[in-house]
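Trainee: In our numbering, the protein residues as written are -18 to 726. For each residue, glycine too, the CB sits at the ideal point set by N, CA and C. After the structure tokens below, expect a handful of questions from me.
Spelled out as structure tokens, the structure:
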């Protein structure tokens, strides 16, 4: 049947779907657009190019056999015209039937056929009928094996542009037969990977794949297709396959990539806003698209009128449900067991209904396909991993933003993004797509520390030390979100991680404790250095304390038996900071540490929890040292005598007297502290409006209590809870005669 069809192809080109534009309409639209964007001479030039293309298509439709390229000026002229239009604007749908048939029929030399195939770049879509017609030429062996291989590569590269794939899927057996060619096998596996549905997985195909693997060895392309078969029908594929393969397939789009980018940037500017509304017009952009919801190229195009008529039948049948007809969440629930995912996995990232499906149904085939596509795209389009690819930076930024929003929606990261970060961070300059990359960092999944340290922590530390203050703060915010995501994973999945992460995660409690502890220690180390580099910047200190605000509550809020205090290089700069925000936040953090440590000690004494995990005695000791330092600074004014921390503020009186500061003992209490003296001035101005001398010694006794109430009224809630929890205010007289309190034992 294929032979008969191929013999009629050149005489009777297949009809184009009614939704596609013909060549004259395409020329008219292109000219109109050109007139809007360019002056009249440019519009005339475009008209001339389109006339040349129409003449070239007419020539190739009737070209005789075995025409020499060197001795035929007409062939040279028309071939150049096709190449020129394809490289600049892309070809119209109607041109593919003619050019594919000529290139694969063997009429012309391989040099011409190769140039024609490399020129087949679409301006919008590729008719599915034209592709099916061209495949028939593979069955009659009219073209050379090199041309056949290039055609398969073209199919893979242009797969997302083919508008009607049902007929292409019907030829699955034809492509499967081509696996016997060792040269074509890697690319045919790639094409089959894109075409495979559960109905295509048959016992004889599995046996054939296993025979090929026994013959060729463990090839990545064979493993990929077998992995997909195993996901669809695990009872048919019983062998063990590797859990992770970085690159399943070879890159197929080399000859067309530059032209695709040129046409795509011309037809789909990257500055258009990201829209997630399913009511937006569908776009034809390849791989990813700011407007892409569900590409019409995924299955048969169905307009809204036909959708309304056929909905009743679709609900009542057992056939798969096309995603183009998915409009509401109720439709998703009613058809969730027979939903047919699009061939173009990019559409999943921007379709909320399909993301709901991924969240509700742990379909491993969907995760595998998305992982493969995402890995390939990140590797091939990353501006700093691929040479001479910086012109796509804006487009790549939009893509990363879309991926991040998808991870937030699903509340879990993609393994392919994690691999991308591990490979890309050592090469990253910290500038290109900065906010998008740092956001992806916050969704890295839990993993063993040795792998993370060498591929994640070390590159980030180098960037952190050598980058701007803004980068340091942005990275700390991402690491805080990463910690929160890990802790939330513990809170909502106490036994194990989501299914997509199980294979790469040590899910035991001890594993989680170790990984979280290493992250906290890592942040402590880099923050200590950063505060020295940035002269104890209050802006940087704010983000550091934000991180420790999560750390201090891990025991009570997240039920994780782990408490790690900030290092002295963070604690003392915060205690002596000139920012009241930092001092207030530090007081609140120390209050929460106290609450967590008290709860841990009570649980340990009552044996309500397993004694496998206990808070270290060193942690209690360090906390007490910090509290003594804080109370000595803010309250009792004896920090220089009582601070016992090895890196603390303890100093000899002789050394302090050499500073020429008269009242050095009270320099850091809540009245004279650099962060609090502004409040003290305002308090004296309100309490003693007639006294212009600002006598700070007046703040004592009853006025000390007034001053405290004034501070609390200014929003210093952290200071309030710290004083109330950590200081024992002894009062032997009425409150108006109360003396300054003493430190709690």
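1) To the nearest angstrom, how far is it from the Cα of residue 32 to the Cα of residue 107?
2) Compare the C-alpha of residue 374 against each of 598, 242 and 651 and name the closest.
3) Enumerate in chain order the residues of its own chain whose CB-to-CB distance from residue 189 is below 8 Å, with the five nearest sequence positions on each side excluded.
4) Using the three-state DSSP reduction, which class does residue 520 fall into: helix, strand or coil?
5) So, for residue 519: in the same chain, excluding its five sequence neighbours on each side, which residues have a beta-carbon less than 8 Å away from its beta-carbon?
6) Which residues bound the alpha helix (DSSP H) around residue 114?
7) With contact counted as at least three CB pairs below 8 Å, one residue from each stretch, are the stretch 461 to 475 and the stretch 516 to 536 in contact?
8) Can you check DSSP and say which residues form a bridge with residue 103?
9) Which of the three DSSP states is assigned to residue 540 in this structure?
10) In the DSSP output, what is residue 302 paired with across the bridge?
11) Mapping the DSSP letters down to three states, classify residue 709 as helix, strand or coil.
12) Could you check if residue 132 is buried or exposed, using at least 16 other CB atoms within 10 Å of its CB as the buried criterion?
13) Counting C-beta neighbours from all protein chains within 10 Å, is the total for residue 340 16 or more, i.e. buried, or is it exposed?
14) Whether or not the stretch 541 to 553 and the stretch 505 to 521 are in contact is what I'm after, with contact meaning three or more pairs of Cβ atoms, one per stretch, closer than 8 Å; do they touch?
15) Cα separation between residue 706 and residue 492?
16) If we call anything under 8 Å between Cβ atoms a contact, is residue 334 one with residue 313?
17) Give the secondary structure of residue 220 by DSSP, where H, G and I count as helix, E and B as strand, and everything else as coil.
18) Please check if any C-beta of chain C sits within less than 8 Å of the C-beta of residue 502.
19) Count the other CB atoms, across all protein chains shown, that sit within 10 Å of the CB of residue 408; report buried if there are 16 or more and exposed otherwise.
20) Going by the DSSP bridge assignment, what does residue 143 pair with across the sheet?
21) What's the gap between the Cα of residue 222 and the Cα of residue 355?
22) Are the beta-carbon atoms belonging to residue 66 and residue 30 less than 8 Å from one another?
23) Grab me the residues of residue 490's own chain with a C-beta within less than 6 Å of its C-beta, minus the 5 sequence neighbours each way, in chain order.
24) Considering only C-alpha positions, which residue in the set 516, 469 and 56 is nearest to residue 497?
25) Only counting the same chain, and skipping five residues up and downstream in sequence, which positions put a Cβ closer than 6 Å to that of residue 398?
26) Applying the criterion that 16 or more other CB atoms from any shown protein chain within 10 Å of the CB defines a buried residue, is residue 784 buried or exposed?
27) Within the chosen definition, does the stretch 670 to 683 reach the stretch 627 to 638 through at least 3 CB pairs nearer than 8 Å?
28) Quick one: using the 10 Å Cβ neighbour count with 16 as the cut-off for buried, is residue 352 buried or exposed?
29) Residue range of the alpha helix (DSSP H) that residue 90 falls in?
30) Short of 7 Å in beta carbon distance, which residues of its chain neighbour residue 346, apart from the five on each side in sequence? Order them along the chain.
31) In or out: residue 99 buried (at least 16 other Cβ within 10 Å) or exposed?
32) My output table needs one value for residue 135: the three-state DSSP class, helix, strand or coil.
33) Please report the distance separating the alpha-carbon of residue 40 from that of residue 362.
34) Does the distance from the CB of residue 217 to the CB of residue 182 come in under 8 Å?
35) Which one of 450, 567 and 402 has the shortest CA to CA distance from residue 440?
36) In whole angstroms, what separates the C-alpha of residue 699 from that of residue 693?
Mentor: In brief:
1) Here the question's residue 32 lines up with position 51 in the chain shown. Here the question's residue 107 lines up with position 126 in the chain shown. Spanning the two alpha carbons is a distance of roughly 21 Å.
2) In the chain shown, the residue the question calls residue 374 occupies position 393. Out of 598, 242 and 651, 242 has the C-alpha closest to the C-alpha of residue 374.
3) Against the chain shown, residue 189 aligns to sequence position 208. If the five residues before and after residue 189 are omitted, its C-beta is found closer than 8 Å to the C-beta atoms of 157 and 160, all from its own chain and listed in chain order.
4) For the purposes of this step, residue 520 is identified with residue 539 of the chain shown, where counting begins at 1. Judged by DSSP in its simplified three-state form, residue 520 adopts helix.
5) The sequence position of residue 519 within the chain shown is 538, counting from 1. Closer than 8 Å at the Cβ level, and outside the excluded window around residue 519, lie 558, 559, 560, 562 and 563.
6) The residue you call residue 114 lines up with position 133 of the chain shown. Looking at the DSSP string, the run of the alpha helix (DSSP H) that includes residue 114 is 109 to 116.
7) yes
8) Counting from one through the chain shown, the residue named residue 103 turns up at place 122. The partner list for residue 103 (beta bridge, DSSP) reads 72.
9) Here residue 540 corresponds to residue number 559 of the chain shown, with the count starting at 1. Coil, per DSSP.
10) Your numbering for residue 302 matches position 321 in the chain shown. Listed as beta-bridge partners of residue 302 by DSSP are 320.
11) Reading the chain shown from its first residue, position 728 is the one you call residue 709. DSSP places residue 709 in strand when its eight states are reduced to three.
12) Mapped onto the chain shown, residue 132 falls at position 151. Label assigned to residue 132: buried.
13) What you label residue 340 is simply residue 359 of the chain shown in a count that begins at 1. Per the 10 Å Cβ criterion, exposed.
14) yes
15) Stepping through the chain shown from its first residue, residue 706 is reached at position 725. Stepping through the chain shown from its first residue, residue 492 is reached at position 511. Whole-angstrom Cα-Cα distance: 34 Å.
16) The residue labelled residue 334 in the question sits at position 353 within the chain shown. The residue labelled residue 313 in the question sits at position 332 within the chain shown. Taking C-beta atoms as the reference points, residue 334 and residue 313 count as a pair closer than 8 Å.
17) Looking up residue 220 in the chain shown gives position 239. Of the three classes helix, strand and coil, the one that applies to residue 220 here is coil, per DSSP.
18) Looking at the structure shown, chain C is missing, and only one protein chain is on hand.
19) Looking up residue 408 in the chain shown gives position 427. Under this definition residue 408 is an exposed residue.
20) If you number the chain shown from 1, residue 143 lands on position 162. Answer is 107.
21) Translated into positions along the chain shown, residue 222 becomes position 241. Translated into positions along the chain shown, residue 355 becomes position 374. Each residue's alpha carbon lies about 20 Å from the other.
22) One-based indexing of the chain shown puts residue 66 at position 85. One-based indexing of the chain shown puts residue 30 at position 49. Taking 8 Å as the Cβ cut-off, residue 66 and residue 30 qualify as a contacting pair.
23) As a working note, residue 490 is residue 509 in the chain shown. Correct list: empty, nothing qualifies.
24) As a working mapping, residue 497 is identified with position 516 in the chain shown. For the residues 516, 469 and 56, the minimum Cα distance to residue 497 belongs to 469.
25) Looking up residue 398 in the chain shown gives position 417. Here the set comprises 421.
26) Absent from the model: residue 784. The displayed extent of the chain is -18 to 726, so no value can be given.
27) no
28) Translated into the one-based positions of the chain shown, residue 352 becomes position 371. Buried is the call here.
29) Taking the chain shown and counting its residues from 1, one reaches residue 90 at position 109. Residue 90 -> no alpha helix (DSSP H), and no H or E assigned at all.
30) Position 365 of the chain shown, counted from the first residue, corresponds to residue 346. Counting only Cβ-Cβ distances below 7 Å, and skipping sequence neighbours, we find 209, 212 and 213.
31) Residue numbering aside, residue 99 sits at position 118 when the chain shown is read from its first letter. Residue 99 is buried by the Cβ-count criterion.
32) Counting from 1 along the chain shown, the entry for residue 135 is found at position 154. For residue 135, the three-state secondary structure derived from DSSP is helix.
33) Along the chain shown, one-based indexing puts residue 40 at 59. Along the chain shown, one-based indexing puts residue 362 at 381. Each residue's Cα considered, the two are about 37 Å apart.
34) Mapped onto the chain shown, residue 217 falls at position 236. Mapped onto the chain shown, residue 182 falls at position 201. Taking 8 Å as the Cβ cut-off, residue 217 and residue 182 qualify as a contacting pair.
35) Residue 440 sits at position 459 when you count from the first residue of the chain shown. Looking at the Cα atoms, 402 is the closest of the given residues.
36) As a first step, residue 699 must be located in the chain shown, where it is residue number 718. As a first step, residue 693 must be located in the chain shown, where it is residue number 712. The straight-line gap from Cα to Cα measures roughly 9 Å.
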